Amino acid sequence: MLWGCFSAKGPGRLIRVKERMNGAMYREILSDNLLPSARALKIKRGWVFQHDNGPKHTARATKEWLRKKHFKVLEWPSQSPDLNPIENLWRELKVRVAQRQPQNITALEEICMEEWAKIPATITAVGTVDTEKKEEEDTKWIPSHNIK
Numbered sequence: 026m027l028w029g030c031f032s033a034k035g036p037g038r039l040i041r042v043k044e045r046m047n048g049a050m051y052r053e054i055l056s057d058n059l060l061p062s063a064r065a066l067k068i069k070r071g072w073v074f075q076h077d078n079g080p081k082h083t084a085r086a087t088k089e090w091l092r093k094k095h096f097k098v099l100e101w102p103s104q105s106p107d108l109n110p111i112e113n114l115w116r117e118l119k120v121r122v123a124q125r126q127p128q129n130i131t132a133l134e135e136i137c138m139e140e141w142a143k144i145p146a147t148i149t150a151v152g153t154v155d156t157e158k159k160e161e162e163d164t165k166w167i168p169s170h171n172i173k
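Per my numbering, the sequence shown starts with residue 26, numbered consecutively.
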């Protein structure tokens with residue numbers, strides 16, 4: 026399984042998750058990867074974090090962790106994974122990886138990382154901000170989700 030994040034400025038970190046992800050692991054992934062991704066993308070303060078309503082996302086401990094870290098979290102309707110903008114990126118990644126035809130799990134992981142990093146901001150920006158506000162620096166979203 027993969028976990029990744031992105032913004033209108035481009036893809037953030039992508040990591041391989043080798044075990045079944047639970048709330049504690051999700052919080053650890055966020056702790057290790059979310060702010061470093063925002064910094065690497067040079068996202069200024071005031072960005073909004075978005076994830077869906079999976080149990081690990083809505084767990085009391087996760088909500089408390091996000092609150093203590095002062096993350097602004099976008100309210101998200103339940104039972105609506107089709108609205109999540111990262112689903113477009115997972116599709117893009119799958120297409121790019123399939124074209125390279127990895128022959129084993131090691132190659133698959135390497136190709137996923139390479140292709141994720143090459144996804145341009147013109148693709149990640151779709152669905153992340155209102156087109157009239159693309160240039161506005163204080164409105165940045167970092168959706169996060171995982172792919173199986």
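Yeah, the Cβ is synthetic: ideal placement off N, Cα and C, and Gly gets one too.
Keep in mind that this is a model prediction, so the values were computed, not measured.
One thing to note: ASN58 has its Cβ within 8 Å of the Cβ of CYS30.
By the Cβ-count criterion, ILE130 is exposed, with fewer than 16 other Cβ atoms from all chains shown falling within 10 Å of its own Cβ. In the same chain as ARG52, and ignoring 5 residues on each side of it, the C-beta atoms closer than 8 Å to its own belong to ALA86, THR87, TRP90, in chain order. Under the three-state reduction of DSSP output, TRP28 falls in the strand class. Across the set GLU139, ILE148, LYS69, the C-alpha of ILE148 shows the shortest separation from the C-alpha of GLU117.
At a Cβ-Cβ threshold of 8 Å, LEU27 and ARG38 do not count as neighbours.
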